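Asker: Note that the numbering used here has the sequence shown beginning at 324, numbered continuously upward. Every residue, glycine too, gets a C-beta built ideally from N, C-alpha and C. Values in this document were obtained by computation on a predicted structure and should not be read as measured data.
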Amino acid sequence: MDSTNRVGKSTYWIGVEDRTSALFERLWPLPMGVAYNSYIVLGASKTALIDTVPNGEEGRFIDRVDELLNGRPLDYLVINHMEPDHSGCLAGVLERYPGVVLLGNKQTRRILDNYRLELGGFRELTDGEELSLGGTTLRFYFTPWVHWPETMMTYIVEEGILFSGDAFGAFGAHDGALFDDEYNFEKVQGEMRRYYSNIVGKYGKFVQRALAKVSGVKLNMICATHGPIWRSHVDWVVAKYDKYSRQEGDPGVVMAVASMYGSTMHVGEYIARRLAVEGVKRIALHDVSTSHASYIINDVWKYNGLVLGSVTYNTGLFPLMQGLCDELLGLGVQNKELALFGSGSWGGGALTLLKAFAEKAGISPVVESLEMIGRPTMEVYRKCDVLAAGLAERVLAAAEK
């Protein structure tokens, strides 16, 4: 039995890593790959598998389960999350272990039926229910909409280990590391926030409810379905999730600019410079044509200031800016110190649509918006000075609270 993948006294990691897929959910770039974490708990009298891995990984996954069971039956399969990257091997597990009992909630069963899976035994759990494996007790917490309707978390009472599903997850393959203190921590911080903001960010109020539900239990370790196992930074990652789900950004400004021939970006660069002069230390300037939206959204969750600037395209917003605005609306962006500017060569339109986005989002610009026709003039730059000074004041005021 390979102790290097031991998580707890009787718990082992049996996940897989993917370094070949370019996109997560066919949407989000994976420059450093992604890990799919599954776990097996070997109690004195019963055994339980917690989630599986994507379809196509059945062979090595089930071989690993067999190795760890070492001739014992698999008694339970806990389904914290039904999304196919975690339920993809369910059919293979059911075929290999026909006596296994699936554990989930009412919504789990509904999605299982939708996937047309031939079930053996299924046991519908109640929120807070406990199950003894013999010296190891599993407790189940229902945490719906983090980030699907059936999501739940499983807790080992004796050891304080929380199997959290997608909550507290991160992009990136393990690259030899498994626990947070084995990782390049600076790298994992950014990929955790990018995962949260793009995958879970829409469901902040439900994250708050989930955090409240587990706030009274001791958390020695958090085992998510993606990214590192948290054992040395448990309090840190819980505090970050609390902050992200409240959309409380750090003092700083993310700028997303759509420019076709350079003039709009020149204005964006000038505003960025003026923000720095006004004392803003953290500024992220993105060209929407070269920065994938997931990285812009990551910075939107990181900072409290947001500047959107777009050229007019066919009397509307530049398409990639429109896409970004649609993403932000879908994610429910809020609590931003917002500034807007638009441009055009023979007529405007972009600024009007950026203002419409702000109204839909329920975020009012904190400074007067700026519109430019043609190349920037000295008057435009003067207005940029005013915009940057006003925005910087609002952004930096948050650091003093």
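1. Which of the three DSSP states is assigned to M578 in this structure?
2. CA-CA distance, G667 and R517?
3. Only counting runs of 4 or more residues, tell me where the alpha helix (DSSP H) segments fall wholly within the stretch 662 to 716, in order along the chain.
4. Could you compute how far the alpha carbon of V580 sits from the alpha carbon of E406?
5. Could you check where the beta strand (DSSP E) with Y478 kicks off and where it finishes?
6. Nearest to K566 by alpha carbon, out of V576, V540 and V530?
7. Taking all protein chains shown into account, do 16 or more other C-beta atoms lie within 10 angstroms of the C-beta of S687, making it buried, or fewer, making it exposed?
8. Should D489 be labelled buried (16 or more other beta-carbon atoms within 10 Å of its own) or exposed?
9. Within the chosen definition, does the stretch 512 to 527 reach the stretch 554 to 572 through at least 3 CB pairs nearer than 8 Å?
10. Once you ignore the five residues that flank A715 on each side, which residues in its own chain have a CB closer than 7 Å to its CB?
11. Check each candidate in D341, R349 and P352 and name the one with the smallest Cα separation from E380.
12. What's the C-alpha gap between N627 and A721?
13. Is L435 helix, strand or coil by DSSP?
14. Put V401 into one of helix, strand or coil per three-state DSSP.
15. Beta-carbon separation of A371 and V401 under 8 Å?
16. Suppose the cutoff is 6 Å on Cβ atoms and the five residues either side in sequence are ignored; what does the same chain contact list for N378 look like?
Answerer: Working from what's here:
1. The residue given as residue 578 occupies position 255 in the sequence shown. Strand.
2. Reading the sequence shown from its first residue, position 344 is the one you call residue 667. Reading the sequence shown from its first residue, position 194 is the one you call residue 517. Computed Cα separation, rounded: 32 Å.
3. The stretch 662 to 716 contains these whole alpha helix (DSSP H) runs: 673 to 684.
4. Here residue 580 refers to the residue found at position 257 of the sequence shown. Here residue 406 refers to the residue found at position 83 of the sequence shown. The alpha-carbon atoms of V580 and E406 are separated by roughly 34 Å.
5. Taking the sequence shown and counting its residues from 1, one reaches residue 478 at position 155. Y478 -> beta strand (DSSP E) spans M475 to I479.
6. On the sequence shown, residue 566 is found 243 positions in, with the first residue counted as 1. Ranking V576, V540 and V530 by Cα distance to K566 puts V530 first.
7. Looking up residue 687 in the sequence shown gives position 364. Its Cβ having fewer than 16 others within 10 Å, S687 is exposed.
8. Mapped onto the sequence shown, residue 489 falls at position 166. Buried, by the Cβ-count rule.
9. yes
10. Within the sequence shown, numbered from 1, the residue matching residue 715 stands at position 392. L598, E601, G602 and V603, listed in sequence order.
11. If you number the sequence shown from 1, residue 380 lands on position 57. It is D341 whose Cα lies nearest to the Cα of E380.
12. Along the sequence shown, one-based indexing puts residue 627 at 304. Along the sequence shown, one-based indexing puts residue 721 at 398. Rounded to whole angstroms, N627 to A721 spans 8 Å at the Cα level.
13. Numbered from 1 along the sequence shown, position 112 holds the residue referred to as residue 435. In this structure, L435 counts as helix in the three-state DSSP scheme.
14. Walking along the sequence shown from the start, residue 401 turns up at place 78. DSSP places V401 in the strand class (E or B) of the three-state scheme.
15. Numbered from 1 along the sequence shown, position 48 holds the residue referred to as residue 371. Numbered from 1 along the sequence shown, position 78 holds the residue referred to as residue 401. Yes, the pair counts as a contact, with Cβ atoms nearer than the cut-off.
16. For this step, residue 378 is matched to residue 55 along the sequence shown. Result list for N378: G411, in chain order.
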